[in-house]
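All residue numbers for the sequence shown refer to my numbering, where the first residue is 1 and numbers rise by one.
Ideal Cβ positions, reconstructed from N, Cα and C, are used throughout, including at glycine.
See below for the structure under consideration.
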Amino acid sequence: MHPHLEKTTSGSSPNISTPKMESKPKGQPSRHGKKAWRKNIDVDDIQAGLEAKRENEVLLGDDSDFIIDNEGDSKSKTPAFIRKTSEILANKSKVPSVSSRKVKHKVSKSQANRLMALAGRSVTTSKVQARSEKEGIIRASSLDVWGTASEEELPEVYKKTPFLSYTAAKKAPKTLSHQPVALETPAPLETVIHAGKSYNPDLKSWKDLINKEFNLENSIEMKRQEMEEHQKRIQYLIATLDDKEFEESDDEEGKEEEGAGENEDEDDSYKLSLNERTELKIKTKTRRNKEMRHKQRLELEKKLKDLKKQIHDLSNLETIESEVEKKLSSVKKRSERKYRRHGKHEVGSRMRGVSMMTSIETMNQKYSI
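The following block contains the structure:
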């Protein structure tokens, strides 16, 4: 048995007894010096009191430290998330909008009945009365629901008043033959898809499809070639417009020469000397114009050739500059070597190097333009 549990009688619970602190007389330790005073101080009773207090706080605690909240939080819940678009579109103006009085242009029931009566139309207020006016009391009760449908004659009220008539229209409206208005333009769909477009087509259908597509593309290509030929023909006519003028002038000169040749044939029979006759080489106006145009064309061709050469040189400017730099560096190295090797020929070698450098610089300036 535990020493702290006391033996109890039957029916009674055991009492837990707290252990008693045995107080023993302690010997006084040495208190010689400041360190001994600090070290040899007995604080066991203080520590025991603090531990007991701490244990009491942990196990029991104070009632004022805890509150049971039965009401809940008094604050309202967080508002729902508002999107930025709705926040922008929301009406934030403090000035109220202009409110116009809504005028209802309606005809009252009494006014409508009065107008219908003036027009000669009987208006009944109750549904039963209207039904009895249409079918009658006797016929309505004696109608055989499961019998054959017989053609009913319309009452006189419906015949007199066209407003309540059920007669079929004599003419169909024009819009009945019109096609419905499409809200969207549908894409052109193939009515019958070619068999060669399937995933596993037949050889014959595949060949037919290829021939069909080839013919289509071939016709497009032929049209394109025809257009190109037509454009080339136009360019040729524009380019050879002046040549035709030269041809016309040549024809005129040819006519003049033919006329002169006929005169010579006529004069051959009346020659007085054996020597050939001296011809006067007189240039006509057309001849002079032709030569002038030919000269201008040659000048233009020469200018175009020079321009093309300059453009070609400009496109290869980097390569030319690199070649020039290589030549300059090679010339410098050669001049230095010659100067070191041959002290006698210093002036000659240097002059040669300078002349070479000047020629390369002029070349560089020419191509840099």
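Going by C-alpha positions, Glu226 is about 16 Å away from Leu216.
For Glu276 and Lys302, the gap between their C-alpha atoms comes out near 41 Å. Per the coordinates, the alpha-carbon of Ser108 lies some 26 Å from the alpha-carbon of Ser132.
Straight-line measurement puts the Cα of Gln310 at about 15 Å from the Cα of Leu300. Annotation note: the stretch 42 to 130 contains the following uninterrupted alpha helix (DSSP H) runs of length 4 or greater, listed N- to C-terminal: 44 to 59, 84 to 89 and 109 to 118. In this model, Trp206 and Ile193 are separated by some 13 Å (Cα to Cα). Linking Lys170 to Ser177 through their CA atoms gives a straight-line distance of about 16 Å. Distance between Gly196 and Arg83, taken at the CA atoms: about 54 Å. Of the candidates Glu156, Trp146, Arg101 and Val128, Glu156 places its Cα closest to the Cα of Arg121. Our two residues, Asn211 and Leu317, have alpha carbons roughly 52 Å apart in a direct line. For Ile220 and Ser198, the gap between their C-alpha atoms comes out near 25 Å.
Annotation for Ile311: the continuous alpha helix (DSSP H) segment containing it runs Lys285 to Ser315. By the criterion of a C-beta distance shorter than 8 Å, Leu237 is surrounded by no residue of its chain, once the five residues flanking it on both sides are discounted. Put simply, the backbone Cα of Thr240 is about 29 Å away from that of Lys281. In this chain, the alpha helix (DSSP H) harbouring Lys212 covers Leu203 to Ala239. Here the alpha carbon of Ala112 sits roughly 40 Å from the alpha carbon of Trp146. Asp45 and Glu71 have their C-alpha atoms some 46 Å from each other.
Under the three-state reduction of DSSP, Ala195 is assigned to helix. The three-state secondary structure of Thr185, taken from DSSP, is coil.
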